[in-house]
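Numbering (our numbering), first residue to last: 2 to 282.
#1: Going by beta carbon distance, what residues of the same chain come within less than 8 Å of residue 64, once the five residues before and after it are set aside?
#2: Consult DSSP for residue 95 and reduce its assignment to one of helix, strand or coil.
#3: In the DSSP assignment, find the beta strand (DSSP E) that holds residue 176 and state where it starts and stops.
#4: If we ignore side chains and look at the alpha-carbon of each, how far apart do residue 66 and residue 235 end up?
#5: For the putative contact between residue 212 and residue 241, defined by C-beta atoms under 8 Å, what is the C-beta separation to the nearest angstrom?
#6: Indicate whether residue 281 and residue 246 have their beta-carbon atoms separated by less than 9 Å.
#7: So who's on the other strand from residue 141, going by DSSP bridges?
#8: With a threshold of 16 other CB atoms inside 10 Å of the CB of residue 185, please say whether the residue is buried or exposed.
#9: Distance check for residue 109 and residue 31, CA to CA, integer angstroms please.
#10: Given residue 123, which residues of its chain have a CB within under 7 Å of its CB, disregarding the five upstream and five downstream residues?
#11: Residue 49 by DSSP, collapsed to three states: which one?
#12: Give me the Cα-Cα distance between residue 162 and residue 169, rounded to the nearest whole angstrom.
#13: With burial defined as no fewer than 16 other Cβ atoms inside 10 Å of the residue's Cβ, what is the status of residue 264: buried or exposed?
#14: Between which residues of its own chain and residue 101 is the CB-CB distance below 6 Å, once the five residues before and five after are set aside?
#15: Quick check: the stretch 258 to 277 against the stretch 180 to 199, are there 3 or more CB pairs under 8 Å?
#16: Excluding the 5 residues flanking residue 219 on each side, which residues of the same chain have their C-beta closer than 6 Å to its C-beta?
#17: Since residue 267 and residue 251 are thought to touch, with beta carbons under 8 Å apart, how far apart are those beta carbons, to the nearest angstrom?
#18: Can you tell me whether residue 207 is buried or exposed, with buried defined as 16 or more other CB within 10 angstroms of its CB?
#19: Please return the same chain residues whose Cβ sits closer than 8 Å to the Cβ of residue 41, not counting the five positions on each side in sequence.
#20: To the nearest angstrom, how far is it from the Cα of residue 57 to the Cα of residue 257?
#21: Name the residue from 83, 229, 99 whose alpha carbon lies nearest to the alpha carbon of residue 196.
#22: For the beta strand (DSSP E) that contains residue 191, what are its first and last residues?
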């Protein structure tokens, strides 16, 4: 009987230790910065504060970049930083920006902010990108600046062009990021350039798509649907990929009056549009 009681005591103690460990892990997860699935790209030490920038792949690349930002003061996350940013490309003879969103609080987190930037070109020699950041700590507004390295994406995922209407546009692929055989949800962003430093979302247009496999007789695929506006310059539709390999997604941008602003139809005599995205899987 004594041995039985001792075994019961050991079991109870073991269960208590297990639950205690689980509780500790849960508390750690709740208190974590919720960026465990992302990789740190850039750390900025300025004004006695630490600013950290994260992306999913740990890089800044041409095209659409979802970016997360947090600011630490005295080792603690600043929960009311109200950050603002502006990406700037320093070229040999001029400065220009690119399409980007505002920074907003990340869901189910405290002190983490999210936004996106559409880099239309990579760093090249002395020409490089930087990000200017403004933020608030304890009621005081601070500013910081950091140069960043933007690399060329492995496949074409952004187009910058002048349309037939004389306006300058940026068209970027947002999804799919992990394409598969079948019907993929496709998402793109369309911006119009007001001037070298200002880009605004374009709504009420349409993005016509025609995916083709150049290495397989330029064949297409069924069940595609053109991309229609959803909100704030974003467009969604269906992209059908019938097999693995290299795909060229031919594009045409149509305005609110159904006029083709840029891009050409694929025909027997024209194998590709002048604007397109690339996918390979």
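Glycine is no exception: its CB is placed at the ideal position from the N, C-alpha and C atoms.
What you are looking at is a predicted structure, and each value in this text was computed from that prediction instead of being measured.
So, from the data block:
#1: Here residue 64 refers to the residue found at position 63 of the chain shown. Cβ neighbours of residue 64 beyond the five flanking positions: 119, 120, 154, 158, 159, 173, 174.
#2: The residue labelled residue 95 in the question sits at position 94 within the chain shown. Of the three classes helix, strand and coil, the one that applies to residue 95 here is coil, per DSSP.
#3: Residue 176 sits at position 175 when you count from the first residue of the chain shown. Residues 169 to 176.
#4: By 1-based counting over the chain shown, the position of residue 66 is 65. By 1-based counting over the chain shown, the position of residue 235 is 234. Answer to the nearest angstrom: the Cα atoms are 14 Å apart.
#5: Looking up residue 212 in the chain shown gives position 211. Looking up residue 241 in the chain shown gives position 240. Contact flag correct, Cβ pair sits at about 7 Å.
#6: For the purposes of this step, residue 281 is taken as the residue at position 280 of the chain shown. For the purposes of this step, residue 246 is taken as the residue at position 245 of the chain shown. Yes. Within cutoff.
#7: Stepping through the chain shown from its first residue, residue 141 is reached at position 140. DSSP, once it has assigned bridges, lists 138 as partnering residue 141.
#8: Start at 1 with the first residue of the chain shown, and residue 185 comes out as number 184. Under this definition residue 185 is a buried residue.
#9: Reading the chain shown from its first residue, position 30 is the one you call residue 31. Reading the chain shown from its first residue, position 108 is the one you call residue 109. Confidence in residue 31 is poor, its pLDDT being 32 and thus under 50, which makes the residue's placement too unreliable to answer from.
#10: Residue 123 sits at position 122 when you count from the first residue of the chain shown. Once the five neighbours on either side are set aside, the close Cβ partners of residue 123 are 63, 151, 152, 153.
#11: As a working mapping, residue 49 is identified with position 48 in the chain shown. DSSP places residue 49 in coil when its eight states are reduced to three.
#12: Counted from its first residue, the chain shown places residue 162 at position 161. Counted from its first residue, the chain shown places residue 169 at position 168. C-alpha separation (whole angstroms): 6 Å.
#13: Taking the chain shown and counting its residues from 1, the one referred to as residue 264 is at position 263. Label assigned to residue 264: buried.
#14: For the purposes of this step, residue 101 is taken as the residue at position 100 of the chain shown. Contacts found: 88, 118.
#15: no
#16: Taking the chain shown and counting its residues from 1, one reaches residue 219 at position 218. Within the same chain, residue 219 has close Cβ partners 213, 272.
#17: Along the chain shown, one-based indexing puts residue 267 at 266. Along the chain shown, one-based indexing puts residue 251 at 250. At roughly 5 Å, the Cβ-Cβ gap stays under 8 Å, so residue 267 and residue 251 are in contact.
#18: In the chain shown, the residue the question calls residue 207 occupies position 206. By the 10 Å Cβ count, residue 207 comes out buried.
#19: One-based indexing of the chain shown puts residue 41 at position 40. Only 53, 54, 55, 59 meet the Cβ criterion.
#20: Translated into positions along the chain shown, residue 57 becomes position 56. Translated into positions along the chain shown, residue 257 becomes position 256. When rounded, the distance between both Cα atoms is 34 Å.
#21: Against the chain shown, residue 196 aligns to sequence position 195. Measuring from the Cα of residue 196, the nearest candidate turns out to be 99.
#22: Numbered from its first residue, the chain shown carries residue 191 at position 190. That run of the beta strand (DSSP E) goes 183 to 196.
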